[in-house]
Amino acid sequence: MSSGDLQTDRPHSARIYDYLLGGKDNFESDRRAAEQMLKHTPGLPISMRANRRFMAKAAGFLADRGVRQFLDIGTGLPTSPNLHEVVQRIAPEATVVYVDNDPLVLTHARALLTPVGTGAVSYLDADLRRPETILEADAVAKGFDLSRPVAVTLIAVLQHVIDDDQARDIIGRLMAPLPAGSALALSAVTVENDPAGAGTVRTYNQNGVPVIARTRVGVEALFSGFDLVEPGVVPVHRWKPVDADKGVDDAAVYMYGGVAFK
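The number in my numbering is simply the position in the sequence shown, starting from 1, with 1260 added.
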């Protein structure tokens, strides 16, 4: 794969995330953008770690509730624990399909996303904005039993769909073919906790990475038509908190999260 395929001269959200979490799969353009963001929101890595824990909490919760099929869209670069590691430790037979459209993510997914249980783990190179191509792919259409519930996870990805109507349309098209009992877990950027976060959102946009920050009401609207699980839409560290969430400053967490059932 050439560096041109990776567009190393332009920041990418997955690689910025990787850098802020202390990873090594990033380039100078990503590091420059990330350092600009840290000037506005020095606690951003705290938020990103809290968001990663939210993914694990939500996936584990759904596995505990009996869901055995997971469709994770906007996977990003592998960071332990990955979703399949969480769910297959609870239910080794669980099937996981990861979806992303970044060539660097594709490279690492093939190398690193290997099952820890007996269930299949696969990777699909596809775009969130074209839900039908995801649902019609063999990994989903043949790899899942669509008579049984599926969990769709959209963790830290919908902030890149800046139009609210489009975001709701995407969710609707993803969830429509899935049976009752299927679940939707998502997290989305907010700056309601800290207005200085608007500077980080601006930096993303100035670097060619479209991002929108939503209010709690705006994130709740993404769950319209679904039954939210308690405690509803909350800052991600306050959703069924674990020990690592305790003592985290609300002002340092720039993500709302929630889980709902169809």
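From the three backbone atoms N, C-alpha and C, an ideal C-beta is built for every residue, glycine too.
Every value quoted in this text rests on a predicted model; they were computed, and no experiment measured them.
Pull up the distance between the alpha-carbon of residue i and that of residue j, whole angstroms please.
i	j	result
residue 1363	residue 1421	20 Å
residue 1408	residue 1380	16 Å
residue 1392	residue 1426	14 Å
residue 1430	residue 1387	11 Å
residue 1478	residue 1384	29 Å
residue 1361	residue 1442	24 Å
residue 1467	residue 1313	27 Å
residue 1390	residue 1280	29 Å
residue 1440	residue 1267	41 Å
residue 1452	residue 1469	21 Å
Taking its Cβ as the centre, do 16 or more other Cβ atoms sit within 10 Å of residue i, making it buried, or is it exposed?
i	result
residue 1271	buried
residue 1454	buried
residue 1450	buried
residue 1484	exposed
Skipping 5 residues on each side, what residues in its chain have a beta carbon closer than 6 Å to that of residue i?
i	result
residue 1382	1357, 1399
residue 1497	1310, 1505, 1508, 1513
residue 1366	1385
residue 1264	Low confidence applies here, because residue 1264 scores a pLDDT of 39, under 50, leaving its location unreliable and the question unanswered by this model.
residue 1500	1317
Need the endpoints of the alpha helix (DSSP H) that residue i sits in, please.
i	result
residue 1274	1273 to 1280
Cβ atoms of residue j and residue i: under 8 Å apart, would you say?
i	j	result
residue 1283	residue 1343	no
residue 1460	residue 1297	yes
residue 1488	residue 1517	no
Tell me which residue opens and which closes the beta strand (DSSP E) that residue i is part of.
i	result
residue 1518	1515 to 1521
residue 1333	1329 to 1333
residue 1449	1443 to 1449
residue 1395	Run containing residue 1395: none in the beta strand (DSSP E); it sits in the alpha helix (DSSP H), 1391 to 1395.
Short of 7 Å in beta carbon distance, which residues of its chain neighbour residue i, apart from the five on each side in sequence? Order them along the chain.
i	result
residue 1269	1289
residue 1486	1444, 1520, 1521, 1522
Apart from the five residues just before and just after residue i, which ones in its own chain have a Cβ nearer than 8 Å to its Cβ?
i	result
residue 1463	1293, 1296, 1297, 1300
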